[in-house]
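Take a look at the structure below.
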Amino acid sequence: MLKIVLINAMTLLRIPLSVIFCAALFSDNHRIAWCGILFAIIAITDFFDGKLARKYNAQTKLGAVFDVVSDFFFIVTAGCSLYFQGLFPWWMLTIIILKFLEFWVTSFLSVRDEKTKKVFIFDMIGRAVAISFYLFPMMILVFKVLLSNGQFRVVTTVIYIIITILSFISALLRIGGGEFKFKVRI
585 MLKIVLINAM
595 TLLRIPLSVI
605 FCAALFSDNH
615 RIAWCGILFA
625 IIAITDFFDG
635 KLARKYNAQT
645 KLGAVFDVVS
655 DFFFIVTAGC
665 SLYFQGLFPW
675 WMLTIIILKF
685 LEFWVTSFLS
695 VRDEKTKKVF
705 IFDMIGRAVA
715 ISFYLFPMMI
725 LVFKVLLSNG
735 QFRVVTTVIY
745 IIITILSFIS
755 ALLRIGGGEF
765 KFKVRI
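To convert, take the position in the sequence shown, counting from 1, and add 584; that gives this note's numbering.
The structure is reproduced here in structure tokens:
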């Protein structure tokens with residue numbers, strides 16, 4: 585039981601770290617360095633919470649929900665912070681929220697009739713999209729430093745369009761039942 589509590593605490597630690605990350609986004613002093621450090625901590629806790637849960641047989645439905653919600657919280661709060669600074673488009677935030685809702689609903693519908701401890705169903709394309717959503721804040725900060733304003737707009741717009749297309753493909757596969765060929769359960 586203690587292992588479950590500690591692993592879930594590691595997962596939920598991403599929520600206050602996300603708030604601190606967003607505060608660092610609004611800082612002018614060493615913004616990319618602070619955000620890079622915070623992002624590394626957030627990513628490390630995301631990587632290890634699942635590994636530890638599997639290693640110590642401490643996987644729970646609640647832990648899976650905490651993991652997805654903590655990831656979503658980071659992605660949306662960072663996206664909103666970047667939006668308010670004029671660095672992230674509102675429509676991409678809409679795509680992220682819609683993809684999260686679609687993921688939640690299709691996972692629920694896929695596992696409701698099965699007797700399983702699994703909560704979510706992941707498809708390969710959707711997983712790649714989610715990783716892209718997760719990486720957006722740091723990618724945007726790095727691109728903003730390395731590229732001119734014109735280059736920044738072109739590069740990020742192309743990335744957003746590609747990720748949006750992949751989000752729709754993933755959603756169509758999941759809604760149409762095609763994800764069952766590629767599903768990975770956690």
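All residues carry an ideal CB built from backbone N, CA and C; glycine is no exception.
Rounded C-alpha distance that separates Arg-737 from Asn-641: On the sequence shown, residue 737 is found 153 positions in, with the first residue counted as 1. On the sequence shown, residue 641 is found 57 positions in, with the first residue counted as 1. Using only the alpha carbons, I get a separation of about 46 Å.
Please classify Asp-633: is it buried, with 16 or more other beta-carbons within 10 angstroms of its beta-carbon, or exposed? Residue 633 sits at position 49 when you count from the first residue of the sequence shown. Answer is buried; the Cβ neighbour count reaches 16.
Is Ile-599 closer than 8 Å to Phe-672 when the C-beta atoms are compared? Position 88 of the sequence shown, counted from the first residue, corresponds to residue 672. Position 15 of the sequence shown, counted from the first residue, corresponds to residue 599. In terms of Cβ geometry, Phe-672 and Ile-599 do not form a close pair [threshold 8 Å].
Outcome for Met-585 when other beta-carbon atoms lying within 10 angstroms are tallied against a minimum of 16: In the sequence shown, counting from the first residue as 1, residue 585 sits at position 1. Flag for Met-585 reads exposed.
Can you tell me which residues form a DSSP beta bridge with Phe-539? This structure does not reach residue 539, given that the chain is present from 585 up to 770, and the question cannot be answered.
Between which two residues does the alpha helix (DSSP H) carrying Ser-732 extend? Within the sequence shown, residue 732 is the residue found at index 148, counting from 1. Neither: Ser-732 is in no alpha helix (DSSP H) and is coded neither H nor E.
Are the Cβ atoms of Lys-683 and Val-713 separated by less than 8 Å? For the purposes of this step, residue 683 is taken as residue 99 along the sequence shown, with counting starting at 1. For the purposes of this step, residue 713 is taken as residue 129 along the sequence shown, with counting starting at 1. Yes, the Cβ-Cβ distance between Lys-683 and Val-713 is below 8 Å.
Only counting the same chain, and skipping five residues up and downstream in sequence, which positions put a Cβ closer than 6 Å to that of Pro-721? On the sequence shown, position 137 is the one that residue 721 refers to. Contacts found: Ala-662.
Could you compute how far the alpha carbon of Gln-735 sits from the alpha carbon of Lys-587? As a working mapping, residue 735 is identified with position 151 in the sequence shown. As a working mapping, residue 587 is identified with position 3 in the sequence shown. Cα to Cα, the separation comes out at about 47 Å.
Output the distance between the C-alpha atoms of Ile-591 and Leu-601, rounded to the nearest integer angstrom. Residue 591 sits at position 7 when you count from the first residue of the sequence shown. Residue 601 sits at position 17 when you count from the first residue of the sequence shown. The alpha-carbon atoms of Ile-591 and Leu-601 are separated by roughly 16 Å.
Does the region 682-696 come close enough to the region 622-632 to have 3 or more Cβ pairs within less than 8 Å? Taking 8 Å as the limit for Cβ pairs, the verdict is that the region 622-632 does not touch the region 682-696.
Buried or exposed: Leu-693, going by 16 or more other Cβ atoms within 10 Å of its Cβ? One-based indexing of the sequence shown puts residue 693 at position 109. Looking at its Cβ environment, which holds fewer than 16 other Cβ atoms inside 10 Å, Leu-693 is exposed.
Is Val-689 near Ile-616, with beta carbons less than 8 Å apart? The residue given as residue 689 occupies position 105 in the sequence shown. The residue given as residue 616 occupies position 32 in the sequence shown. Cβ atoms of Val-689 and Ile-616: not closer than 8 Å.
Cα-Cα separation, Asp-630 to Leu-757: Taking the first residue of the sequence shown as position 1, residue 630 is located at position 46. Taking the first residue of the sequence shown as position 1, residue 757 is located at position 173. Cα to Cα, the separation comes out at about 26 Å.
If I measure Cβ to Cβ from Leu-731 and keep anything under 8 Å in the same chain, skipping five residues before and after, which residues do I get? Counted from its first residue, the sequence shown places residue 731 at position 147. Around Leu-731: Val-739.
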